[in-house]
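Quick note on numbering: the numbering used here labels position 452 of the sequence shown as 451, and the sequence is numbered without any gaps.
Each residue gets a CB set at the ideal place from its N, CA and C atoms; glycine is no exception.
Computed from a prediction, not measured in an experiment: that's the story for all the values here.
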Amino acid sequence: MTGIIELPYHYFGSRVLNLDDPMMHGTDIKVLQHLLNMLPGNIIPEKLITDGIYDTKTRNAVNAFKKHFNLKINGQVDYPTYYALGHRAGKYALNQPVFSSRALAPGAQGDDVLVLQQRMSSLAKTCLCHTPNSHYTPETAQAVQRFQEDFNHLTPNGFAGPGMFEELIIQSPMGGRTLAQGLHGYDIYWLQYYLYQLGFYNHPLTGYFDSKTVEAVKDFQRAAEIPSDGVVGPETFLALGTTMAYPAIGYTYRVNNDDSLIKVAALFAKKPEDIASFNNISPASKLTAGSLIAIPAPLTFHRAHKGMTITDLSALYGINQDRLHAANWHLPGKYLQPDQLVVLPGYLEDFRGDIVYLNQTPSGQELKTINLMNCTVKICDLIKDVDENRLFLNKDQNIASFFVNNGDSLVSYDFKCGKKEWIKLPYSARGTELDWAHNGNKIVVDDGLIIDPKSGNLLLSFKGSKYRWLKDGETLMFYENNTTLKQRNIVTGEENELFSLFQDSLWFYNVSPDDSKLVIIAFMPPGHVTVTYVYDLNTKELKEIGMNDFAEQWFNKSNRLLLQKRELFGDYKCFYYNRINLVDPDGAQQSQELVAKGVELGVNSIAIDDLSFIFIMFNPNAFYPIKPRMRDLYIKKVGSHLVTQLTWGEMVYSPAYHR
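Laid out in structure tokens, this is it:
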């Protein structure tokens with residue numbers, strides 16, 4: 000059979016597939032080929048063309064799959080094979096509707112609705128905000144619509160039917176059945192990968208639900224504070240999908256059949272000895288097909304947009320398509336979901352400047368710097384008992400300060416001379432907030448204590464909180480309470496009110512570089528939603544510019560802002576995605592820079608030249624109390640689709656540009 004053909008529609012699991020004359024073809028075979036291509040070379044030796052035709056290569060791949068999972072090798076995709084692919088059909092459907100066999104809409108009920116919800120909830124880019132319950136709820140329709148919006152070939156109407164079913168089976172590897180010890184198959188392979196990504200499983204990915212997998216599932220369930228029975232059902236699917244990072248973090252390369260350390264190093268333009276050292280293996284080690292190895296930073300990724308393919312990226316960056324596919328083995332299907340990060344092997348951007356951050360280790364907090372021009376990393380100091388993993392830069396950005404010993408003392412590190420100074424704070428101070436005066440001769444800490452940063456002597460004190468210096472070195476702005484912002488001249492003692500928000504509770508604010516504006520974020524009752532204001536210090540105008548922002552940063556040379564917005568969905572306000580947007584002082588969005596489930600935009604996160612910004616990404620823990628496996632540092636040029644990972648496997652806190 001040659002040429003381009005229109006594939007007839009067959010829902011997945013509707014028929015037994017085998018090599019025939021003429022050859023069978025259809026949408027179900029295309030789904031099958033996509034699934035088989037997602038497995039490693041030690042299971043499926045040769046990648047398939049996803050043309051929907053059941054040819055000899057497809058039969059051979061099916062037999063290889065069946066051999067690995069100890070199924071009868073007959074060249075057929077029969078019902079036991081569908082079951083091992085994570086799809087219940089035939090006798091395994093237990094007289095219930097087979098998933099994808101009928102269209103689903105709000106009000107529908109049944110086992111296929113449960114499968115739809117489980118696949119939606121276990122998806123890393125999940126938008127389902129409740130435990131799967133077999134009822135096609137409004138929240139289910141919303142999640143379906145959001146999934147459909149990611150693909151040009153799907154109609155975003157909230158109804159699940161042909162096209163959407165096939166894309167979901169390809170994109171979401173789990174949820175077609177309850178998983179428990181003794182089972183094996185495609186979905187269990189990806190369960191093990193999810194648990195590996197979350198830090199609960201550190202064994203070969205086999206696709207067999209053995210005792211090690213049981214313990215990993217139980218450990219995850221205990222950490223998520225859900226019933227720890229070792230069985231993966233509706234509640235565990237939701238917890239897995241919700242706590243997986245999106246876009247994915249902690250990139251690993253999956254070894255192919257013909258790979259060597261030298262070949263992998265060449266793919267990523269790294270030294271073989273660096274990869275070996277990073278993975279604690281010998282440079283002479285023979286790599287095992289299907290194993291995962293970490294590639295040390297820096298790594299560059301492209302942030303995908305709707306409708307983009309690997310082929311598009313190959314043409315855009317001049318990287319061989321096979322190399323891109325090999326590096327991005329974990330990305331399913333033809334079309335990339337928006338905001339996925341696609342690794343570009345061997346591709347690096349140029350950056351300038353220096354970054355400082357804290358890296359939490361079992362021994363204490365490392366104060367580390369990165370020179371962006373040559374990607375060199377330096378450990379400046381190891382400090383124990385740093386409070387809240389926060390550092391505060393002076394206005395010249397060459398001294399980093401942090402509280403230690405429960406706010407009892409302040410440590411300052413001078414990057415110019417490489418020296419550390421330690422001062423004990425006045426007896427009444429328990430520092431958690433700090434702001435340096437622009438001339439560097441005083442600092443203000445909690446409760447209005449103005450202190451000499453050299454001696455620690457108390458210069459002045461008055462009541463308030465959330466202090467910020469203006470450039471004159473005499474004027475302090477502060478909260479008098481949760482609703483009123485004031486300013487005070489510390490020389491004359493003159494004090495005046497800037498504004499009050501009688502219904503909203505002030506959270507935090509920041510002063511623009513030219514001292515002309517404030518950006519303020521306040522909570523609205525009952526406290527789930529925030530309102531963002533810009534206050535003009537010259538005209539005294541207070542203007543609302545947005546809602547649901549939870550972090551902000553002024554640019555250094557203009558009155559533009561980066562705002563980190565939470566996009567809420569569902570009935571439960573804790574479910575959200577973070578969007579980092581570039582806006583003008585009126586709140587008009589100029590660009591959307593990033594979308595992620597777990598991201599943190601810190602203070603001094605914008606480069607001194609305003610061309611790039613830094614941020615942390617991690618597995619989200621606002622939904623379930625899962626401790627992040629890593630908090631790694633990334634950098635992005637403003638307006639670019641490229642994102643560069645600067646650290647791998649670290650616990651980064653409080654990153655900032657420094658001079």
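Separation of I309 and Q589 (C-alpha to C-alpha, rounded to the nearest whole angstrom) is 27 Å. Taking 8 Å as the upper bound for CB-CB distance, T242 and N618 are in contact here, some 6 Å apart. According to the DSSP secondary-structure assignment, M476 is paired through a beta bridge with R467, Q486.
L347 counts as exposed, since fewer than 16 other beta carbons sit within 10 angstroms of its beta carbon.
Measuring C-alpha to C-alpha distances from L458 to each of G472, D471, K441, K470 identifies K441 as the nearest. When C-alpha distances from M650 are compared across Q117, R658, Q359, C379, the shortest belongs to Q359. Distance check between S499 and each of I354, F68, D19, E540 places E540 closest, using alpha-carbon atoms only. Contact annotation: I544 and G586 have beta-carbon atoms nearer than 8 Å. Straight through space, the alpha carbons of A140 and G106 are spaced by roughly 10 Å. Sequence-distant Cβ neighbours of N151 in its own chain, meaning closer than 8 Å and more than five residues away, are K305, G306, Y334. Taken in chain order, the unbroken stretches of beta strand (DSSP E) that lie wholly in the segment 523 to 592 and span 3 residues or more are 528 to 535, 541 to 546, 548 to 553, 560 to 567, 575 to 582.
Non-local beta-carbon contacts of K367 in its own chain, meaning distances under 8 Å to residues more than five positions away in sequence, involve V355, Y356, L357, N358, V376, K377, I378, C379 in chain order. DSSP lists no bridge partner for W647.
Close CB contacts of V642 within its chain, under the 7 Å cut and outside five residues either way in sequence, are with F300, R302, L340, Y633, K635 (chain order).
Per DSSP, Q396 lies in no beta strand (DSSP E) segment and is marked neither H nor E. Taking G89 as the centre and dropping the five residues before and after it, the same chain places the C-beta of Y78 closer than 6 Å to its C-beta, in chain order. Counting along the chain, the unbroken alpha helix (DSSP H) around F219 starts and ends at 210 to 223. Bounds of the alpha helix (DSSP H) holding I169 are 163 to 170. Under the three-state reduction of DSSP output, K65 falls in the helix class.
For G363, DSSP records a beta bridge to T360.
When the five nearest sequence neighbours on each side are left out, the beta carbons in the same chain lying within less than 8 Å of the beta carbon of E272 are those of P282, in order along the chain.
Boundaries of the beta strand (DSSP E) harbouring V342: 340 to 342, taken from the DSSP string. By a beta-carbon distance limit of 8 Å, V528 contacts N547. Their separation comes to about 6 Å. One alpha carbon belongs to D186, the other to H202, and they sit about 16 Å apart. With 16 or more other Cβ atoms inside 10 Å of its own Cβ, W189 counts as buried.
At the C-beta level, A436 and G472 come within 8 Å of one another. Non-local C-beta neighbours of S604 in its own chain, meaning closer than 6 Å and more than five positions away in sequence, comprise Q552, F612, I613, ordered along the chain. Counting along the chain, no alpha helix (DSSP H) covers W421; the unbroken beta strand (DSSP E) around it starts and ends at 418 to 423. According to DSSP, M243 shares a beta bridge with no other residue. As computed with DSSP, S504 is found in a beta bridge with F522.
Here P331 really is in contact with H33; their C-beta atoms are around 7 Å apart, less than 8 Å. In the three-state scheme derived from DSSP, where H, G and I count as helix and E and B as strand, F236 is classed as helix. The beta-carbon separation of V76 and V97, rounded to 14 Å, does not stay under the 8 Å limit for a contact. Between R658 and N397, the CB-CB gap stays under 8 Å. The Cβ-Cβ distance between Q196 and L122 does not fall below 8 Å. Contact annotation: the segment 311 to 321 does not touch the segment 158 to 165, with fewer than three C-beta pairs closer than 8 Å.
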